[in-house]
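Start counting the sequence shown at 36; every next residue gets the next number (this note's numbering).
We treat Cβ as the ideally placed atom computed from N, Cα and C, and that holds for glycine.
The model shown is predicted, which means the values in this text are computed figures rather than measured ones.
Step one of this worksheet: look at the structure below.
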Amino acid sequence: MRTASTYALLVTANVAAWVWAALAFGQRPSLWSLAVLAYIFGLRHAFDADHIAAIDNVVRKLMQQGRNATAVGLFFSLGHSTVVVLACAVIAASAAPLQRRLESLHDIGAVIGTSVSAIFLLLIGLFNLFVLRRTLMTFRSVHRGERTLDAGLGDALTAGGPLARLCRPLLRLVSRSWHMYPVGLLFGLGFDTATEVGLLSISAQSSMQGAPVTSVLVLPALFAAGMSLMDTTDSVLMTGAYGWAFVHPLRKLWYNLTITAASVLVALCIGSIEAAALVAERFHLQGGAWGIVAGLNDDLSSLGYLVVGIFLASWVLSIAVYRLKRFDRVAAG
């Protein structure tokens, strides 16, 4: 029911954004192309690797705690969109003066946004690494019949370790779906993606063409509508995939083992790429490995599609291996 209500809200918001665009650009057909572009930017931006990695890891964490996680993507994208909407509003109100300062604002925001993104992904990736280790040990023990399933689950889902205990107070801050709003807000401070910079540029362009501020704000609204739709779908699909696993206790352990491995890989890789790229940019490091890292960081959307493929493959392989190995018989025995 929550999912249906969420999608009803999203569909209403998307329709409202396009109705607003029709009213604002009705006498300016040349601006329709900008409206379509802004919406496509939002849809595509949801596939950035940092979005997918953050959403997946938090969905997995909340579901292990028995909490509903379908709205994780929605709140993350709303926080992310808030920064873009506010920036576009400022640009629309003072396009010419702000354009001269846009580069310095971009530099400051890039450091903050990329730092937050990298630290968050690295922390949650390291935390899940301990979860992965404990889950693997528990699964092997249960599979050999050395401990009961209930005890194994309890131990695995409260993974310990020095670093895990150190990170837990920070990660405990994200214990509800709506807690992803400030995370998305901080992620959005970077303005270092082509979509956000492009949206800022076309907003300024529209303003200088004589469009009123209220009309220019249609563009970030369309961006936010598209991104929220895709980010929410991301968390809903991940919640559904985890839901299959949580039906059966041993299946829950097995699925956590396989998908946590993928989550750790993705979070640590994307976080490391962002951190390394930030270091390379700040210290003007070029060539060799630094050039490769910079190229990967500049094309996070392509990495995002790869991440989606990794998770899809993980889900399919997890189900296939579970059934081929007939792990259900272990629990039945």
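Counting only residues of its own chain and dropping the five nearest sequence neighbours on each side, L171 has a CB closer than 8 Å to the CB of L292. Linking A88 to G344 through their CA atoms gives a straight-line distance of about 12 Å.
The C-beta distance from T295 to L161 rounds to 12 Å, too long to fall under 8 Å, and the pair is not in contact. For T105, the three-state secondary structure derived from DSSP is coil. Of all C-beta pairs linking the segment 252-263 to the segment 51-68, three or more are shorter than 8 Å, placing the two stretches in contact. The beta-carbon separation of L313 and A57, rounded to 41 Å, does not stay under the 8 Å limit for a contact.
The Cβ atoms of V118 and L224 lie closer than 8 Å to each other. In this structure, the alpha-carbon of A310 lies about 37 Å from that of S176.
Your pair A104 and T274 checks out as a contact, with CB atoms roughly 5 Å apart and the cut at 8 Å.
A straight-line Cα-Cα distance of about 19 Å links M215 and L121. Nearest in C-alpha terms to V251, of all of T47, K96, L66 and A48, is L66.
The beta-carbon distance between F346 and D91, rounded to whole angstroms, is 6 Å. This is short enough to meet the 8 Å contact definition. In this model, V107 and V299 are separated by some 18 Å (Cα to Cα).
P255 is the residue among P255, R317 and L97 whose C-alpha sits nearest the C-alpha of I126. Apart from the 5 residues on each side of it in sequence, L257 sits with its Cβ closer than 7 Å to the Cβ of A52, A56, A70, A73, Y74 and G77 in its chain, given in chain order.
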